[in-house]
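Step one of this worksheet: look at the structure below.
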Amino acid sequence: MSKPALKLRSWPLTVLYYLLPLGALRPLSRWLRRPVYSLYIWTFGVNMKEAAVEDLHHYRNLSEFFRRKLKPQARPVCGLHSVISPSDGKILNFGQVKNCEVEQVKGVTYSLESFLGPRTPAEDLPFPPAAPHSSFRSQLVTREGNELYHCVIYLAPGDYHCFHSPTDWTISHRRHFPGSLMSDLHTNSPRYSKGSYNDFSFVTHANKEGIPMRKGEHLGEFNLGSTIVLIFEAPKDFNFKLQAGQKIRFGEALGSL
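The following block contains the structure:
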């Protein structure tokens with residue numbers, strides 16, 4: 001974006017940045033919807049031709065517009081690879097989990113245990129018993145010869161903000177970590193998925209355990225925000241087909257075996 005364009009867009013960006021958390025869930029008068037959403041579209045480069053409903057009057061508030069659904073053909077799911085991107089966004093970091101740490105946004109790292117939370121004796125998790133001296137990473141790997149991998153995806157305000165199942169799997173356990181809503185401090189934010197400043201609300205549609213999920217199936221959505229940190233287990237020969245900083249869409253392959 002050129003400097004004049006950046007300056008021109010700076011004032012609506014500032015206004016939207018501070019007003020979104022205050023009014024995202026409040027109904028907008030019908031006559032206000034087109035100008036407000038048009039400003040959002042212009043500021044963040046939203047492609048409304050992909051939206052299942054292109055009529056701006058359809059969206060009762062900013063939150064509904066933010067998590068708008070797409071036309072089915074807008075995001076074909078890759079059938080050739082087992083792990084796909086769960087959302088639209090920009091790839092910030094990816095790779096194998098090493099030293100029980102996961103790289104985070106802006107080069108910050110955090111421990112795997114502080115991010116996922118420690119295992120407790122009361123939890124009946126389907127993991128093999130681990131020796132007391134075992135690393136937290138080894139306690140999470142369920143099959144010999146596998147490794148843990150991570151991928152961090154940032155969702156910009158103009159992106160599609162629903163997230164989907166990245167592979168075929170079964171939900172065996174869920175956790176919710178209450179916390180403060182702080183800017184980019186991801187280990188202190190409420191999380192099933194990760195959030196940053198102004199990213200205070202998300203919905204998951206898989207509210208029960210033991211549910212099989214199919215690759216590409218709708219899993220949840222962000223009312224505002226956010227960043228997804230995907231941690232998964234795969235064989236040692238799994239190879240990411242990504243570059244840091246690249247744009248990716250839901251349904252595209254993250255890597256291959």
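The UniProt record's numbering puts the first residue of the sequence shown at 1, with every later residue one more than the last.
Using N, Cα and C, we set each Cβ at its ideal position, and we do this for glycine too.
Source: prediction; values computed, not measured.
Contact set for residue i: own chain, Cβ-Cβ below 8 Å, skip 5 residues either direction
i, result
"C100", "S111, L112, E113, S135, F136, R137"
"N146", "E233, A234, P235, K236"
"N239", "G255, S256, L257"
Length of the line joining the Cα atoms of residue i and residue j
i, j, result
"E233", "P157", "29 Å"
"W42", "H161", "17 Å"
"T109", "L116", "14 Å"
"Q73", "R33", "26 Å"
"residue 338", "L219", "In the structure displayed, the chain extends from 1 to 257; residue 338 sits before or after that span and is not available."
"E221", "R143", "31 Å"
"H57", "R30", "6 Å"
"S226", "F66", "11 Å"
"A51", "L39", "17 Å"
"A253", "L70", "19 Å"
"L62", "I91", "26 Å"
"G79", "P86", "14 Å"
"N223", "L28", "16 Å"
Cβ neighbours of residue i in the same chain (closer than 7 Å, five flanking residues each side left out)
i, result
"G77", "Here residue 77 is Val; the residue named in the question, Gly, does not match the sequence. So the qualifying residues of the chain are I84, K215, G216, G251."
"R175", "G117"
"R75", "R249, F250, G251"
"residue 316", "Only positions 1 to 257 of the chain appear in the structure, and residue 316 is not among them; the question remains open."
"M48", "I41, E54"
Spatially closest choice to residue i from the options, by CA coordinates
i, options, result
"V97", "V141, K90, H218, I153", "V141"
"G95", "R174, G79, V152, R68", "V152"
"I228", "K69, M213, N93", "N93"
"V53", "G45, P27, E64", "E64"
"Y59", "G79, F44, R75, P35", "P35"
"E103", "S82, L148, H81", "L148"
"K241", "L155, S172, H81", "H81"
"L155", "G79, R26, V46", "V46"
Neighbourhood of residue i by C-beta, 6 Å cutoff - its chain only, sequence neighbours within 5 removed
i, result
"I231", "H150"
"D88", "D159, Y160, R249, F250"
"T170", "P212"
"Y37", "L56, F65"
"F44", "P157, G158"
"R68", "A51"
"K3", "Reliability fails at K3, whose pLDDT of 41 lies under 50, so the model's placement of it is uncertain and no value is given."
Bridge partners - residue i, DSSP secondary structure assignment
i, result
"P235", "N146"
"residue 258", "Limits of the chain in this structure are 1 at one end and 257 at the other, which puts residue 258 out of reach."
"N223", "In DSSP, N223 forms no bridge with anything."
"F65", "The partner list for F65 (beta bridge, DSSP) is empty, contrary to what the question assumes."
"I84", "A253"
"V141", "The partner list for V141 (beta bridge, DSSP) is empty, contrary to what the question assumes."
"C151", "F94, L230"
"I248", "G89"
"S135", "None; S135 has no bridge partner."
C-beta neighbour in chain C for residue i, strict 7 Å
i, result
"S165", "Within the model displayed, chain C is absent; a lone protein chain is all it includes."
Any non-hydrogen atom of the ligand NAP closer than 6 Å to residue i Cβ
i, result
"H57", "Questions concerning the ligand NAP fall outside what the structure shown contains, since it holds no ligand whatsoever."
Does the segment 237-245 come close enough to the segment 161-178 that 3 or more CB-CB pairs lie under 8 Å?
Judged by Cβ distances under 8 Å, the segment 161-178 makes no contact with the segment 237-245, as fewer than three pairs qualify.
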